[in-house]
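Scroll down for the structure; my scribbles are underneath it.
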């Protein structure tokens, strides 16, 4: 019997070669889901381009055939952004992984979407530089996608070095055209640009989940590896006091990295695991399609013992110095920080809970974090409520979340919490994690319902979900109808055939 002709598959094979096009059910299955609550859906095709020409040709083919197209970077996604809603062509960008223009003069680098944090940090370290990595992000995550999705880094408190890592980028539009955003649009233009008035058009593509185009190149800022660094810890019994102390620290612009962990997350960070697990954590392969392997009873016991010995909330502040007079900078900032702590009534400590070498663990995590992936193994999956909020609302949010947890017979002590200041504590980024067992349908259903009701409740209490994954899209756009209508107008202009990741956001 002759094989049935498939014009789309043949067209893709003509672009990238038959070996880079996949239609086998077992391959499509691996792209059909992640550990989130997003319903599974297989793509019809998976294709792996190696360069810009191939990527443009794939997008043009999708337009000709009115076929949905879903961008997929490194394969590390926990929130359903790359899970298809209508099938279509899934474009796996992992082979587009070049690092170029790495400069120790300008502290910058250009990356493609397949470049991971582990890959970039290895190259950057050769020039004494480092990439800023969100604390919860695994080493296998795409640098480009993570920055495009606006996940804050621990240095986000700093206006100059922490908030904006993206300088310029290039996008394949739904028409297949390449669009350059930033100074390089002018031949010979530098990637760096002055801050000031004017339209930052590249923000249109941030948190868009590939609905406006596929970003295939990004130039971003790096930092030097610290020459001198000191890390301090402060204990608090409630989150309100921790937030108040953090505001005081940020008001005086002391330190660089600064964040708060509750006892659950801090215990997760430091609890020991076996050698095989350590290897998978460092490789970024610990969390699979269906979550992570649950902890052993022995690890659960170690975790519980650690958690009981930790303060409810721990504030971490790192004083880092690099290029000029690093010893002097750390010395005067430490003196100022100690004066502030004494005046404000909190204590600076070299560790908490009697943990040896905690400052070294935190310093390592600032360069290339891998330990926080362990939280997925608490029950098997982790579901983060990630939002921005003002400092005075976080205590109310924590209390309300605890009360709602009781209604769902979910232990409030099993909620992980991570909080960091943005722009010197003008606002705060928060991640509250809920855990469920992927092999227990009843537990998954219960936690899913808890997650959805909590999301609505937190929005009503002032939480702002700026990355509208899954159910958050409807919740946020329902409350911002005019904004959603403008997005749809722009979408109609850029993508009249609605081929770019349809079904995401408000499209």
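Residue numbers (our numbering): 915 to 1421.
All residues carry an ideal CB built from backbone N, CA and C; glycine is no exception.
Please read all numbers here as calculations on a predicted model, not as lab measurements.
#1: Quick check on DSSP: helix, strand or coil for residue 1006?
#2: Mind checking which residues open and close the beta strand (DSSP E) that includes residue 1386?
#3: Exposed or buried, which one is residue 1171 when buried takes at least 16 other CB atoms within 10 Å?
#4: Taking the beta carbon of residue 1363 as the centre, do at least 16 other beta carbons fall within 10 Å, making it buried, or is it exposed?
#5: Buried or exposed for residue 1353, going by 16 or more other Cβ atoms inside 10 Å?
#6: Taking the beta carbon of residue 1176 as the centre, do at least 16 other beta carbons fall within 10 Å, making it buried, or is it exposed?
#7: Between the beta-carbon of residue 1126 and the beta-carbon of residue 1118, is there less than 8 Å?
#8: Fully enclosed by the region 1337 to 1410, which beta strand (DSSP E) runs are 3 residues long or longer?
#9: Could you tell me the distance, in whole angstroms, from the CA atom of residue 1421 to the CA atom of residue 1088?
#10: Counting pairs of beta carbons, one from the region 1178 to 1190 and one from the region 1315 to 1333, are three or more of them closer than 8 Å?
#11: Between residue 1419 and residue 1385, is the Cβ-Cβ spacing less than 8 Å?
#12: Does DSSP classify residue 1164 as helix, strand or coil?
#13: Among the residues of its own chain, which have a CB less than 7 Å from the CB of residue 934, if the five just before and after it don't count?
#14: Between the alpha carbons of residue 916 and residue 1059, how many angstroms are there, rounded?
#15: If you count every other CB in all the chains shown that lies within 10 Å of the CB of residue 1101, and 16 or more means buried, which is it?
#16: Kindly list the residues whose CB is nearer than 8 Å to the CB of residue 1090, restricted to its own chain and excluding five residues on each side of it in sequence; keep chain order.
#17: Check whether the Cβ atoms of residue 1018 and residue 1036 lie closer than 8 Å to each other.
#18: Which residue or residues does DSSP assign as beta-bridge partners of residue 1143?
#19: What runs of the beta strand (DSSP E), each 3 residues or longer, lie entirely inside the region 1154 to 1198?
#20: If you run the structure through DSSP and keep just helix, strand and coil, what is residue 1083?
#21: Quick check: residue 1124 and residue 984, are their CB atoms within less than 8 Å of each other?
#22: Output needed for residue 1076: all residues of its chain with C-beta closer than 7 Å, excluding positions within five of it in sequence on either side, in chain order.
#23: Alpha carbon to alpha carbon, how far is residue 1096 from residue 1012?
#24: Count the other CB atoms within 10 Å of the CB of residue 1044; is the residue buried (16 or more) or exposed (fewer)?
Walking through what the data contain:
#1: Taking the first residue of the chain shown as 1, we reach residue 1006 at position 92. If DSSP states are grouped into helix, strand and coil, residue 1006 belongs with the strands.
#2: Translated into the one-based positions of the chain shown, residue 1386 becomes position 472. Per DSSP, residue 1386 belongs to no beta strand (DSSP E); it is in the alpha helix (DSSP H), 1385 to 1392.
#3: In the chain shown, residue 1171 corresponds to position 257, counting from 1. Buried, since its Cβ has 16 or more Cβ neighbours within 10 Å.
#4: Start at 1 with the first residue of the chain shown, and residue 1363 comes out as number 449. Burial call: exposed.
#5: Sequence index remark: in the chain shown, residue 1353 carries index 439 (1-based). Per the 10 Å Cβ criterion, exposed.
#6: By one-based count along the chain shown, residue 1176 stands at place 262. That one is buried.
#7: Translated into positions along the chain shown, residue 1126 becomes position 212. Translated into positions along the chain shown, residue 1118 becomes position 204. Yes, these two residues count as a Cβ contact at 8 Å.
#8: 1341 to 1350
#9: By 1-based counting over the chain shown, the position of residue 1421 is 507. By 1-based counting over the chain shown, the position of residue 1088 is 174. Between residue 1421 and residue 1088, the C-alpha separation is close to 14 Å.
#10: yes
#11: Here the question's residue 1419 lines up with position 505 in the chain shown. Here the question's residue 1385 lines up with position 471 in the chain shown. No, the Cβ-Cβ distance between residue 1419 and residue 1385 is not below 8 Å.
#12: The residue you call residue 1164 lines up with position 250 of the chain shown. The answer is helix: DSSP assigns residue 1164 an H, G or I state.
#13: Stepping through the chain shown from its first residue, residue 934 is reached at position 20. These residues qualify, in order along the chain: 961 and 962.
#14: Numbered from 1 along the chain shown, position 2 holds the residue referred to as residue 916. Numbered from 1 along the chain shown, position 145 holds the residue referred to as residue 1059. Confidence at residue 916 is low in this model, with a pLDDT of 43, below 50, so the placement of that residue is unreliable and no value is reported for it.
#15: Locating residue 1101 in the chain shown gives position 187, counting from the first residue. Exposed, by the Cβ-count rule.
#16: Numbered from 1 along the chain shown, position 176 holds the residue referred to as residue 1090. For residue 1090, where only same-chain residues beyond five positions count, the Cβ hits under 8 Å are 970, 971, 973, 974 and 977.
#17: Here the question's residue 1018 lines up with position 104 in the chain shown. Here the question's residue 1036 lines up with position 122 in the chain shown. No, the Cβ-Cβ distance between residue 1018 and residue 1036 is not below 8 Å.
#18: Here residue 1143 is taken as the residue at index 229 of the chain shown, counted from 1. For residue 1143, which the question treats as bridged, DSSP gives the partners 1234.
#19: The DSSP assignment places complete beta strand (DSSP E) segments of no fewer than 3 residues inside the region 1154 to 1198 at 1172 to 1176, in order along the chain.
#20: Locating residue 1083 in the chain shown gives position 169, counting from the first residue. Correct three-state label for residue 1083: strand.
#21: In the chain shown, counting from the first residue as 1, residue 1124 sits at position 210. In the chain shown, counting from the first residue as 1, residue 984 sits at position 70. Their beta carbons are under 8 Å apart, which means residue 1124 touches residue 984 by this criterion.
#22: Here residue 1076 is taken as the residue at index 162 of the chain shown, counted from 1. So the list reads 1067, 1069 and 1070, once near-sequence residues are dropped.
#23: Translated into the one-based positions of the chain shown, residue 1096 becomes position 182. Translated into the one-based positions of the chain shown, residue 1012 becomes position 98. Using only the alpha carbons, I get a separation of about 20 Å.
#24: Taking the chain shown and counting its residues from 1, one reaches residue 1044 at position 130. By the neighbour-count rule (16 or more Cβ atoms within 10 Å), residue 1044 is buried.
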